[in-house]
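For the sequence shown, the working numbering begins at 3 and goes up steadily by one.
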Amino acid sequence: MKKVLLAVVVLGVLGAAAVGGYVWWRAQKVAAFARTPFGATQPLTVEIPPGTGPRALSRLLARAGVVSDADTFYLLERKEGSGPKLKHGEYQFEGPLTPDQVLEKIISGVQKTYHFTVPEGLRVDEIFPILEASELHLDAAKLSALAHDTTWIRSQGVPADTLEGFLFPDTYSFTQGFSEKSVLAHMIQRTLAEYQKADAQRKAGVSLNLLQTVTLGSIIEKETAAPEERQRISCVFHNRLRLGMRLGTDPTVLYAMMLIRGRFVKNITRKDLETPNPYNTYLVTGLPPGPIASPGAAALQAALHPIDCHDLYFVSRNNGTHVFCPDLKCHEAAVQKWQRAFFHKHHANQAAQRN
């Protein structure tokens, strides 16, 4: 009887040792697996549906070529207790990556992002092709329909009938689940947020509302690319508005002619300046009915916080900067120097080179 009991004890010890050895071996295997990089150098995109558990995830990643072994990755998930922490979504893996890195990415919810950049001063008809050609591949027809859907536009807090001027210029990043409507809504909210920031720094006596601010900001954006000039350009326009003078700004005429022709033409003619349109600020007093492009944050700030100046005119130096003048005599002298004489000399030099 004692021999039987001894044999049972020995077998138990051996069994326990075997189990312990297996557990130790498996732990070492999982640890080595977790630290070993695997995967292709090119990006691999994997969509993890809602409700995906550890076992299903390990199989999904193995099939996609993100991890080398589904069963061992599953053991890693169990070891880390990651089941409740897994986040569904679209993920991009660019390897080789260790399984530890793969799991951490999914637990952290670092999903694949899609990007696009919209520069300052673009019209909606220039912005939509950017969105269509971007990683998002949005539908231009749907974008255009939303841009003229007055009910939806007003529901977004835009006090206008179109989205012109209210698609904030910036670099954007989106994860899976975006749509034409959600992207435009986000761009609009960026504009409204930047307006609130500018409004908080509004200069005393400036009474422009949201639409007027974005409108003036869009004109400032189109008139100068020199950051140091924005507030002075704004001062000129505020002075003109206060005195009841017409703004007389070329970008609004170009926009008016685009509305009339159905296409944008960069050159401006005397006939254009004399063509009646609500956006022709050579003929209409005050601000035009709405923005002519999307202003950036600095232009919105300048619209609500002009510097103090006595200027009523400015003339391009043809290098991105301007000469500012308080009266017509100064303005005429600047036009003579920087427009008539400058271009006369330029054309003369071109003729001499051709000969």
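The C-beta atom is built at its ideal place from N, Cα and C for all residues, glycine as well.
Query                                                                                                                        : Result
Separation of Ser-175 from Pro-290, as counted between CA atoms                                                              : 33 Å
Chain-order list of residues whose beta-carbon lies under 7 Å from that of Ala-66 (same chain, five-residue window excluded) : Leu-46, Val-48
Inter-residue Cα distance where the pair is Thr-226 and Ala-147                                                              : 31 Å
Straight-line Cα distance separating Glu-79 from Asp-73                                                                      : 10 Å
Distance between Cys-237 and Pro-51 (C-alpha atoms, nearest Å)                                                               : 55 Å
One or two residues paired with Gln-94 in a DSSP bridge                                                                      : Thr-47
Phe-176 - DSSP class collapsed to helix/strand/coil                                                                          : strand
Residue burial classification, Glu-96 (beta-carbon count within 10 angstroms, cutoff 16)                                     : exposed
Proximal residues to Thr-254 (C-beta, below 7 Å), its chain only, five neighbours per side dropped                           : Ile-221, Tyr-281, Asn-282, Thr-283, Pro-290, Ile-294
Continuous beta strand (DSSP E) stretch holding Ser-318: start and end                                                       : 315-318
Gly-159 beta carbon less than 8 Å from that of Ser-296                                                                       : no
Stretch pair the region 166-180 + the region 268-280: three plus CB contacts closer than 8 Å                                 : no
Range of the contiguous beta strand (DSSP E) that encloses Cys-327                                                           : 324-327
Nearest neighbour of Pro-98, chosen from Ile-108, Arg-37, Glu-137 [CA to CA]                                                 : Arg-37
Buried or exposed (CB count within 10 angstroms, at least 16 for buried), Leu-77                                             : buried
Environment of Glu-182 [buried if 16+ CB atoms lie within 10 Å]                                                              : buried
Those residues which DSSP pairs with His-117 across a bridge                                                                 : Ser-175
Cβ pair Thr-217, Gly-250 closer than 8 Å                                                                                     : no
Three-state secondary structure (DSSP) of Phe-130                                                                            : helix
6 Å CB neighbourhood of Asp-274 in its chain, flanking five on each side removed                                             : Val-255, Met-259
Those residues which DSSP pairs with Leu-99 across a bridge                                                                  : Phe-40
Nearest candidate by alpha-carbon position, reference Arg-248, set Thr-287, Phe-316, Lys-205                                 : Thr-287
DSSP-derived helix/strand/coil call for Val-12                                                                               : Reliability of the predicted coordinates at Val-12 is poor, the pLDDT of 45 falling under 50, and the value obtained from them is presented with this limitation in mind. The answer is helix: DSSP assigns Val-12 an H, G or I state.
Pro-171 burial status per 10 Å Cβ neighbour count (16 or more: buried)                                                       : buried
Close Cβ partners of Arg-232 (< 7 Å) along its chain, the five nearest in sequence each way excluded                         : Ile-222, Thr-226, Ala-300, Ala-301, Ala-304
Separation of Arg-28 from His-188, as counted between CA atoms                                                               : 49 Å
Same chain only: Cβ atoms within 6 Å of Ala-9, ignoring 5 sequence neighbours per side                                       : With a pLDDT of only 48 at Ala-9, under 50, the local geometry of the prediction cannot be trusted, and no value is derived from it.
Alpha-carbon to alpha-carbon, Pro-56 and Asn-100                                                                             : Before going on, a small fix: residue 100 reads as Thr here, not Asn. When rounded, the distance between both Cα atoms is 17 Å.
Contact between the region 310-318 and the region 185-204 (3+ Cβ pairs under 8 Å)                                            : no
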